[in-house]
Amino acid sequence: MLEDILAGGANALGISLPEGALTQYRIYLDALLSVNAEFNLTAIEDEDQAARLHFLDALGLASRFDLGASSVIDVGAGGGIPGLALKIAAPDIQLTLLDAMAKKVGFLSEAAGLLGLPARCVWGRAEELGRAPEYRERFDVAVSRAVARLNSLAELCMPFVKVGGHFLAMKAADSDSEIAEAETAVEKLGGRLADIREYTIPGTDIIRRVAVVEKTAPTPAPYPRRWAAIQKRPL
Ligand code: SAM
């Protein structure tokens, strides 16, 4: 059952969930699965699987990086993983959820409302908003899961991060070559690959990774480029 899986899983990850979090995860999952029939937010429809592969995956990130009261942007949030799941576990973060699909942003805004959690839900493309003064270098942390290969993803995410902040990319265990391939891109964008932190999703044998990139210098003005250029000529 969702509640047992999450309580046990959080414990195994060393995370203490705030009061009411299990109820919030239940409300969130119900919302996610009920709109899923209308448009695709998640391929995972089984409740226990969703608890592990979505919520515990997000908690895995929280177990490997202390978000404290950071301002956090989730780039390509989709149904809200990891951003909204993190906000339940770490309510002190100031959360922005960004997605290119209006319907998904509508869902995120509704779900945050249902959960009683403040979150700024933004409809737009990362490569456009990353150039806007309102968003550029305004966040302590940018997080992202399942949006693009790391060399392209870095160009979408790094412009949002303040110097001294971090970009956290959630990746699979077999991402060595993807990470190695992205090192030049990360450097060109004003960052340094600081660490790779692993965790096992409790109740599974799935090992996941957080690639931790530290922003050491402002992202040069030409970046991010347009999506076609990012894809055609990754840094
Ligand atoms: N992060 C969620 C997760 O792990 O469940 C959603 C992953 S989904 C596969 C990728 C999401 O990224 C989609 O919702 C898509 O609309 C969004 N996306 C892709 N490219 C984007 C861009 N350039 N700017 C903003 N959102 C983007």
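Just so we're on the same page, the numbering used here is the position in the sequence shown counted from 1, plus 620.
Glycine included, C-beta positions come from ideal geometry on N, C-alpha and C.
{"Asked": "Just checking, does the segment 697-710 make contact with the segment 758-770 on the three C-beta pairs under 8 angstroms criterion?", "Found": "yes"}
{"Asked": "Please tell me whether, using a cut-off of 8 angstroms, the distance from the CB of T662 to the nearest non-hydrogen atom of the ligand SAM is below it.", "Found": "yes"}
{"Asked": "Three-state secondary structure (DSSP) at I708?", "Found": "helix"}
{"Asked": "Using the C-alpha atoms, what's the distance from L717 back to P838?", "Found": "22 angstroms"}
{"Asked": "With 16 other CB atoms within 10 Å as the buried threshold, where does D694 fall?", "Found": "buried"}
{"Asked": "Quick check: the segment 671-679 against the segment 703-714, are there 3 or more CB pairs under 8 angstroms?", "Found": "yes"}
{"Asked": "Have a look at K782 and L813 and give me their C-alpha separation to the nearest angstrom.", "Found": "15 angstroms"}
{"Asked": "Since Q714 and S691 are thought to touch, with beta carbons under 8 angstroms apart, how far apart are those beta carbons, to the nearest angstrom?", "Found": "4 angstroms"}
{"Asked": "Name the DSSP beta bridge partners of G698, please?", "Found": "Paired residues: none, contrary to the question."}
{"Asked": "Under a three-way DSSP split, which group does Y645 fall into?", "Found": "helix"}
{"Asked": "By DSSP's criteria, L637 is part of a beta bridge. Which residues make up the other side?", "Found": "Answer by DSSP bridge pairing: none, since L637 is not bridged."}
{"Asked": "Any idea what DSSP makes of F659, helix, strand or coil?", "Found": "coil"}
{"Asked": "How about A802 and L773: are their beta carbons less than 9 angstroms apart?", "Found": "yes"}
{"Asked": "Just reading off the beta strand (DSSP E) that F787 is part of, what are its end residues?", "Found": "781-792"}
{"Asked": "Take the Cβ of F659 as the centre, count every other Cβ of all protein chains shown within 10 Å, and call the residue buried at 16 or more, exposed below.", "Found": "exposed"}
{"Asked": "Determine the burial state of N771: buried for a count of at least 16 other Cβ atoms within 10 Å of its Cβ, exposed for fewer.", "Found": "buried"}
{"Asked": "Give the DSSP-derived three-state secondary structure of S654 in the structure shown.", "Found": "helix"}
{"Asked": "Quick one: complete beta strand (DSSP E) runs, 3+ long, within the segment 816-846?", "Found": "827-835"}
{"Asked": "Here's a check: name, in chain order, each residue in its chain whose Cβ is nearer than 6 angstroms to the Cβ of E623, leaving out the five neighbours to either side.", "Found": "L642"}
{"Asked": "Per DSSP, what kind of secondary structure is I693 in: helix, strand or coil?", "Found": "strand"}
{"Asked": "Compute the distance between the beta-carbons of P844 and R758, then report whether it is under 9 angstroms.", "Found": "no"}
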